[in-house]
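In what follows, a single structure is set out as structure tokens and then discussed.
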Amino acid sequence: MKGKILIAVPTFENIKPQCFKSIYGLANPKDFNLYFDYVKGYDCARARNEIAKLAINHGFDYVLMIDSDVSVPKDALVKLLECETDIALGWYYKKRTRTDETVIFDFGKDFNNKNIIYGKTLLDLNNPFDIKGGGLGISLVNVNVFRKMPYPYFKYVIYDNDTILSEDLYFCSEARKYGMNIKCNPNVKGNHIYEVSV
1229 MKGKILIAVP TFENIKPQCF KSIYGLANPK DFNLYFDYVK GYDCARARNE
1279 IAKLAINHGF DYVLMIDSDV SVPKDALVKL LECETDIALG WYYKKRTRTD
1329 ETVIFDFGKD FNNKNIIYGK TLLDLNNPFD IKGGGLGISL VNVNVFRKMP
1379 YPYFKYVIYD NDTILSEDLY FCSEARKYGM NIKCNPNVKG NHIYEVSV
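Quick note on numbering: our numbering labels position 3 of the sequence shown as 1231, and the sequence is numbered without any gaps.
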């Protein structure tokens, strides 16, 4: 019997056409049936929580979350499954950055610029490797991860010094506390999609 993968897009408004086209073009792993859904009208944390509940309630094995402003390579799902881990991330450059900053973080005390793994480094790597966490714009999560963690899985944290921990980095931090392994596959490079106003 084939496994089930939910491909889900958390979106406040709309899915960018390039994003949907890249999802439509994904290679289908031979041992899985793929299903698509999107959660619209919520902030990202709530949308991701709704996606997690949907995946649990409908017996999915994995959920592939793709942000509405990210396009993915054709082999993204196959390559993320090859990581054989609890949480597998692809990568992309931070939106509107003029530097080499990505959304992937190496081990260290905080999620900050000191721990960013830069694009040049990722482009030189070939094999999946352990990371502290990262942005979930291209993320494959084994649904058992949600079953082992308390709800809500995703939330924003505002600290006393007014710094904010985003919902995706909160999730990665909590998942690691519960013994989950997180890997990045450097061969899964997506693109941030955005319009430039003139």
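Built from N, CA and C at the ideal position, the CB exists for glycine as well.
This one's a predicted model, so the numbers in the text were calculated from it and none came from an experiment.
Opening and closing residue of the beta strand (DSSP E) in which residue i lies
i: Tyr1290; result: Tyr1290 to Ile1294
i: Tyr1387; result: Element bounds for Tyr1387: n/a, residue is neither H nor E.
i: Val1417; result: It is worth fixing the name first, because residue 1417 is Lys in this sequence and not Val. Unbroken beta strand (DSSP E) run through Lys1417: Ile1410 to Lys1417.
i: Ala1316; result: Ile1315 to Trp1319
Enclosing alpha helix (DSSP H) for residue i [first to last residue]
i: Ile1251; result: Pro1245 to Tyr1252
i: Val1373; result: Asn1372 to Lys1376
i: Leu1305; result: Ala1304 to Leu1309
i: Lys1405; result: Glu1395 to Lys1405
i: Lys1232; result: Here Lys1232 belongs to no alpha helix (DSSP H); instead the beta strand (DSSP E) covers Gly1231 to Thr1239.
i: Leu1282; result: Cys1272 to Asn1285
i: Leu1351; result: Gly1347 to Leu1351
Cβ distance (whole Å) where residue i is taken to contact residue j below 8 Å
i: Asp1334; j: Ile1359; result: 6 Å
i: Gly1362; j: Leu1308; result: Incorrect: roughly 13 Å between the Cβ atoms, too far for contact.
i: Ile1235; j: Phe1264; result: 5 Å
i: Asp1289; j: Val1371; result: 6 Å
i: Cys1311; j: Pro1356; result: 4 Å
i: Arg1276; j: Glu1395; result: 6 Å
i: Trp1319; j: Val1300; result: Going by Cβ atoms, the distance from Trp1319 to Val1300 rounds to 11 Å, so no, they are not a contact pair.
CA nearest to the CA of residue i, picked from the options
i: Asp1321; options: Thr1349, Ile1279 and Val1373; result: According to the sequence provided, residue 1321 is Tyr. The question's Asp does not apply to it. Nearest option by C-alpha distance: Thr1349.
i: Lys1417; options: Phe1399, Thr1391 and Leu1364; result: Leu1364
i: Tyr1397; options: Asn1389, Ile1344 and Tyr1422; result: The sequence given here places Leu at residue 1397; Tyr does not occur at that position. Leu1397 has its Cα closest to that of Ile1344, out of Asn1389, Ile1344 and Tyr1422.
i: Asp1328; options: Thr1313, Leu1351 and Asp1338; result: Leu1351
i: Asp1314; options: Lys1323, Leu1292, Val1300 and Arg1274; result: Leu1292
i: Met1229; options: Pro1245, Lys1258 and Ala1280; result: Lys1258
i: His1286; options: Ile1233, Cys1247, Ile1243 and Tyr1252; result: Ile1233
Cβ neighbour criterion (16 or more within 10 Å) applied to residue i
i: Leu1353; result: exposed
i: Lys1212; result: This structure cannot speak to residue 1212, because the chain is shown only from 1229 to 1426.
i: Lys1249; result: exposed
i: Asp1338; result: exposed
i: Gly1347; result: buried
i: Pro1414; result: buried
i: Ile1392; result: exposed
i: Lys1342; result: exposed
i: Ala1255; result: exposed
Checklist entry - For the 8 Å Cβ check, are there 3 or more pairs between the region 1298-1306 and the region 1380-1389? => result no
Next on the checklist: Check whether the region 1398-1409 and the region 1287-1296 touch, using three or more Cβ-Cβ pairs below 8 Å as the test.
Outcome noted: no
Item to check | Segment contact, 8 Å Cβ cut-off, at least three pairs: the region 1230-1239 with the region 1258-1268 | outcome: yes
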